[in-house]
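Asks: After the structure tokens below, expect a handful of questions from me.
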Amino acid sequence: NAGVTQTPKFQVLKTGQSMTLQCAQDMNHEYMSWYRQDPGMGLRLIHYSVGAGITDQGEVPNGYNVSRSTTEDFPLRLLSAAPSQTSVYFCASLGQGAHEQYFGPGTRLTVT
Amino acid sequence: GEDVEQSLFLSVREGDSSVINCTYTDSSSTYLYWYKQEPGAGLQLLTYIFSNMDMKQDQRLTVLLNKKDKHLSLRIADTQTGDSAIYFCAESPFSGGYNKLIFGAGTRLAVHP
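In the order they appear, the protein sequences are chains A and B.
Quick note: the first sequence uses the working numbering, first residue 180, plus one each step.
Quick note: the second sequence uses the working numbering, first residue 13, plus one each step.
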């Protein structure tokens with residue numbers, strides 16, 4: 180199993196550009212989440228999904244969209260990037276009834 | 013509101029014990045977690061404790077939970093250089109469904125010879 184994979188590893192965007200961060204898991208997990216990590220702060224939940232076709236907002240959803248058309252994939256879209264979205268983004272997945280969230284290696288995004 | 017607080021930095025000598033502390037605010041939290049993050053990597057679950065337990069031991073790791081004071085600690089015995097990392101405390105407020113995690117800011121553990 181590859182676990183949770185994320186692409187790209189690094190990305191630089193200009194203000195106003197759009198892009199999609201990709202996340203995939205091969206563990207057949209129902210739950211998937213996107214977090215952002217900023218210096219001096221813990222991870223904050225952006226959006227999450229409890230299954231294909233079902234998504235919900237987390238703590239900091241503004242400026243981000245998600246969709247979950249398959250169990251495996253959970254892309255995060257930035258519609259119009261802003262410098263405040265400069266961060267490291269982590270995707271995670273969790274099996275139903277389990278406790279261990281599996282995290283991807285992260286995407287480091289810089290918006291200039 | 014929900015909040016998790018940790019001290020930001022801890023330095024210990026190799027072979028000593030490390031104790032990382034955490035306080036949380038949501039008394040309804042059912043599970044509390046410790047995650048480890050090595051440089052350039054995602055988070056890895058170290059251990060977790062159910063809220064009706066006081067202590068959990070797993071090899072070199074001991075977790076202590078004081079529900080009255082909402083205080084959680086992680087003790088690492090015989091700390092090694094490979095333990096150098098950022099350690100995150102997280103709580104899982106009861107939601108009846110998906111267990112959203114509320115993370116602390118992380119404690120950076122530096123182990124020196």
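Glycine included, C-beta positions come from ideal geometry on N, C-alpha and C.
Shortest alpha-carbon distance to A:Y214 belongs to which of A:T289, A:G285, A:P187, A:V290?
Replies: Position 35 of the first sequence, counted from the first residue, corresponds to residue 214 of chain A. Looking at the Cα atoms, A:G285 is the closest of the given residues.
Asks: B:Y124 lies in the beta strand (DSSP E); which residues open and close that run?
Replies: Translated into the one-based positions of the second sequence, residue 124 of chain B becomes position 112. Just to set this straight, residue 124 of chain B is His in the shown sequence, not Tyr. That run of the beta strand (DSSP E) goes 119-124.
Asks: Could you tell me the alpha carbon to alpha carbon distance between B:D38 and B:H83, rounded to whole angstroms?
Replies: Counted from its first residue, the second sequence places residue 38 of chain B at position 26. Counted from its first residue, the second sequence places residue 83 of chain B at position 71. Near 11 Å, if we compare the C-alpha coordinates of B:H83 and B:D38.
Asks: Please list the terminal residues of the continuous beta strand (DSSP E) segment that includes A:M211.
Replies: Residue numbering aside, residue 211 of chain A sits at position 32 when the first sequence is read from its first letter. 210-216 is the extent of the beta strand (DSSP E) around A:M211.
Asks: For a contact meaning CB atoms closer than 8 Å, what does B:A117 contact in chain A?
Replies: Residue mapping note: residue 117 of chain B aligns to position 105 of the second sequence, counting from 1. Simply G219, M220, G221.
Asks: I'd like the ranges of any beta strand (DSSP E) spanning at least 3 consecutive residues and lying wholly in the stretch 74-113 of chain B.
Replies: The stretch 74-113 of chain B contains these whole beta strand (DSSP E) runs: 83-88, 97-104.
Asks: What residue does the beta strand (DSSP E) around A:N244 start on, and which one ends it?
Replies: For the purposes of this step, residue 244 of chain A is identified with residue 65 of the first sequence, where counting begins at 1. Here the beta strand (DSSP E) through A:N244 covers 243-245.
Asks: So which residues on chain A does B:Y60 lean against when the C-beta distance must stay under 7 Å?
Replies: Counting from 1 along the second sequence, the entry for residue 60 of chain B is found at position 48. Residues of chain A passing the Cβ test: H278.
Asks: Compute the Euclidean distance between the alpha carbons of B:C101 and B:D95, then round it to the nearest angstrom.
Replies: As a first step, residue 101 of chain B is located in the second sequence; it is residue number 89 there, counting from the start. As a first step, residue 95 of chain B is located in the second sequence; it is residue number 83 there, counting from the start. Answer to the nearest angstrom: the Cα atoms are 16 Å apart.
Asks: I need the DSSP call for A:S263, collapsed to helix, strand or coil.
Replies: Walking along the first sequence from the start, residue 263 of chain A turns up at place 84. Helix, per DSSP.
Asks: Looking only at its own chain, which residues have a Cβ that is under 6 Å from the Cβ of B:Y45, when we skip the five neighbours before and after it?
Replies: As a first step, residue 45 of chain B must be located in the second sequence, where it is residue number 33. Same-chain partners within the cutoff: Y60, A102.
Asks: I'd like to confirm the pairing. Which residues does DSSP put opposite A:D252 in its beta bridges?
Replies: As a first step, residue 252 of chain A must be located in the first sequence, where it is residue number 73. Note: A:D252 sits in a beta bridge opposite A:A203.
Asks: I'd like the span of the beta strand (DSSP E) that includes A:Q236, first residue to last.
Replies: By 1-based counting over the first sequence, the position of residue 236 of chain A is 57. Where A:Q236 is concerned, the enclosing beta strand (DSSP E) stretches over 233-236.
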